[in-house]
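To keep things clear, I will list the structure first and then write my remarks on it.
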Amino acid sequence: MAVKLIKLRKNQNRFPLDEISDLSKYSGLEIIGGSMAELPDFLESALHLETLSINIPELVQLPGFIYKMPHLKILKIKNSKIASLDCKSIHFENLELLDLSNNKMTSLPNWTYDLKKLSELFASGNEINNIENGIGELKNLKRINLDKNKLTSIPRELAQLKKLNHLSLENNLFSEETKNELFLNYKIWFN
1 MAVKLIKLRK NQNRFPLDEI SDLSKYSGLE IIGGSMAELP DFLESALHLE
51 TLSINIPELV QLPGFIYKMP HLKILKIKNS KIASLDCKSI HFENLELLDL
101 SNNKMTSLPN WTYDLKKLSE LFASGNEINN IENGIGELKN LKRINLDKNK
151 LTSIPRELAQ LKKLNHLSLE NNLFSEETKN ELFLNYKIWF N
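Going by the UniProt record's numbering, the sequence shown opens with residue 1, and the numbers climb by one from there.
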């Protein structure tokens with residue numbers, strides 16, 4: 001099955017219906033552009049998707065059905081105005097890649113720490129000021145990018161991630177002491 005690309009024009013605030021007539025034949029959906037503040041409900045028929053990529057600059061929230069996509073392996077919600085994605089009930093048992101880059105988040109979603117299959121986490125360009133200790137439970141994490149946030153420290157639990165081979169923390173608010181500690185523990189060099 002293929003990935004369906006829906007590219008909206010700059011001021012377009014609704015989906016072209018002919019583009020989404022039968023989403024069941026696609027394993028992935030990529031939505032780019034437009035000026036919508038929220039996604040339409042008809043996307044609820046796409047619960048079978050394995051890949052969902054949303055890049056809508058005016059988007060401020062996600063509908064509840066997004067959290068009930070059990071087959072998702074890749075979820076990208078980038079370049080939007082989303083400040084929070086917290087939800088009590090999620091069904092992301094298969095999620096391997098989560099990209100929340102360039103939003104308005106001050107913390108990672110509470111459910112991030114329950115994603116046991118997660119191997120890649122990207123959340124650069126937000127306003128994240130804290131990483132919960134639960135990150136040490138994500139034993140499959142190989143790559144983390146938290147560049148351009150407001151972090152002043154990171155939890156020591158990161159050292160428990162034996163598969164982690166890429167940790168990027170540029171342009172945060174670390175003190176010189178914290179930078180030295182990060183260099184000693186993780187060999188991260190800051191300019």
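The beta-carbon is built from N, C-alpha and C at its ideal position, and this holds for glycine as well.
If I measure Cβ to Cβ from residue i and keep anything under 6 Å in the same chain, skipping five residues before and after, which residues do I get?
i           : result
residue 97  : 74 and 120
residue 167 : 144 and 186
residue 160 : 136
residue 179 : 190
Just to confirm, is the Cβ distance from residue i to residue j under 9 Å?
i           : j           : result
residue 55  : residue 88  : no
residue 76  : residue 99  : yes
residue 80  : residue 58  : yes
residue 103 : residue 82  : yes
residue 127 : residue 105 : yes
Residue i: which of the options sits nearest, CA to CA?
i           : options              : result
residue 51  : 35, 164 and 26       : 26
residue 65  : 126, 49 and 117      : 49
residue 70  : 180, 82 and 95       : 95
residue 5   : 53, 152 and 190      : 53
residue 141 : 157, 3, 2 and 37     : 157
residue 33  : 45, 46, 7 and 43     : 7
residue 147 : 180, 116, 31 and 130 : 130
residue 92  : 118, 105 and 101     : 118
residue 139 : 180, 116, 47 and 124 : 116
residue 37  : 31, 180, 29 and 60   : 60
residue 22  : 169, 176, 155 and 43 : 43
To which residues does DSSP link residue i through a beta bridge?
i           : result
residue 51  : 28 and 74
residue 130 : 107
residue 145 : 122 and 168
residue 2   : 26
residue 98  : 75 and 121
Could you tell me if residue i is buried or exposed, where buried requires 16 or more neighbouring beta carbons within 10 angstroms of its beta carbon?
i           : result
residue 184 : exposed
residue 24  : exposed
residue 63  : exposed
residue 107 : buried
residue 45  : exposed
residue 2   : exposed
Starting from the C-beta of residue i, find all residues in its chain whose C-beta is less than 7 Å away, skip the five residues before and the five after it, and write them out in chain order.
i           : result
residue 134 : 113
So, at 8 Å on beta carbons, what are the nonlocal neighbours of residue i in its own chain, with the 5 sequence-adjacent residues on each side left out?
i           : result
residue 174 : 151, 152, 153, 182 and 190
residue 164 : 141, 142, 143, 144 and 158
residue 125 : 101, 102, 103, 147, 148 and 149
residue 47  : 65, 68, 69, 70 and 71
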